[in-house]
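Sequential numbering from 1 applies to the first sequence in UniProt numbering.
Glycine is no exception: its CB is placed at the ideal position from the N, C-alpha and C atoms.
Predicted model, so just to flag it, every value in this text is computed and none were measured.
See structure below.
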Amino acid sequence: MSKRAMKNYETSQRPAKESKKHWSLGLLESMKDPDSIYKETDRLVVIRDKYPKARIHYLVLPKEEISSIFKLNKTHLDLIDELGSMYKSIKNDHTESDLVAGFHAIPSMQRLHMHVISKDMDSKCLKTKIHWNSFTTSFFIPFDDLLKKLEQDGCIERISNETHKALMSTPLKCNQCSFEPKNMPQLKQHLLSHVK
DNA sequence: GTTCTAGAAC
DNA sequence: GTTCTAGAAC
């Protein structure tokens, strides 16, 4: 290969720094990807979670540029109401499954998003204690709770780092019975007993 | 958010 | 020796 060819090869194969987008912007990409979209309305997009933590796991996002729950105020109550309607709609699509809807108290990904997830929590993508505790402790803010909070206080306040740390350190406990597994593999094995 | 992997836990 | 967890990623 000539020096010129080598240089062309290097510059074409190496990803340009400018094209690398931070992982926290991933949902904005998924919202534009037809393969990720489950359904869509004038104001909302529903996508399949890229790393589903249960057999059914959707994210409901507004098209409006709202970065997170911390940007919400009372002017958004009608939008939140639409999220609730979409939750109902998705439940109608999956009458065989037990679905819950809610928000993470500290989201990692940009763009306000509501999780709609089945209680089975049976998924190869569910791997860590943090995954588990983010859906099964009060780190998970149920839809109704967020709606009430917004109606009453006009905003959603950030939890402290100490509270965050404590919630993520909560000992493992089954979300469907009182079983307390010793570790994640044991929890995942146990969860199968509730679905099969 | 995930991936990778060192070293803790068993 | 193997399984499992938890912290760095420039």
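query	result
Are the CB atoms of S134 and I56 within a distance shorter than 8 Å?	no
Give me, in chain order, the residues of the same chain whose beta-carbon lies closer than 7 Å to that of N175; leave out the 5 immediate sequence neighbours on both sides.	K119, M121, T136
Can the beta-carbon of I80 be found closer than 8 Å to that of I159?	no
Let me confirm a value: V195 is counted as buried when at least 16 other C-beta atoms fall within 10 Å, else exposed. Which label applies?	exposed
Could you pull the DSSP bridge partners for K39 from this structure?	V46
Short of 6 Å in beta carbon distance, which residues of its chain neighbour L187, apart from the five on each side in sequence? Order them along the chain.	L172, P181
Closest to P62 by CA distance: which of R111, P34, R48 is it?	R111
Kindly list the residues whose CB is nearer than 6 Å to the CB of L147, restricted to its own chain and excluding five residues on each side of it in sequence; keep chain order.	I80
Alpha carbon to alpha carbon, what distance is there between C177 and L77?	34 Å
For N183 and F103, what's the separation of their Cα atoms in angstroms?	25 Å
What does DSSP give as the partner residues of W114 in its beta bridges?	In the sequence under discussion, the amino acid at residue 114 is Met, which differs from the Trp named in the question. V60.
Of the choices C125, L126, H113, whose alpha-carbon is the least far from that of P142?	H113
In angstroms, rounded to a whole number, what distance separates the CA positions of M168 and K127?	14 Å
In the DSSP assignment, the beta strand (DSSP E) including P142 goes from what residue to what residue?	140-142
To the nearest angstrom, how far is it from the Cα of P52 to the Cα of K74?	31 Å
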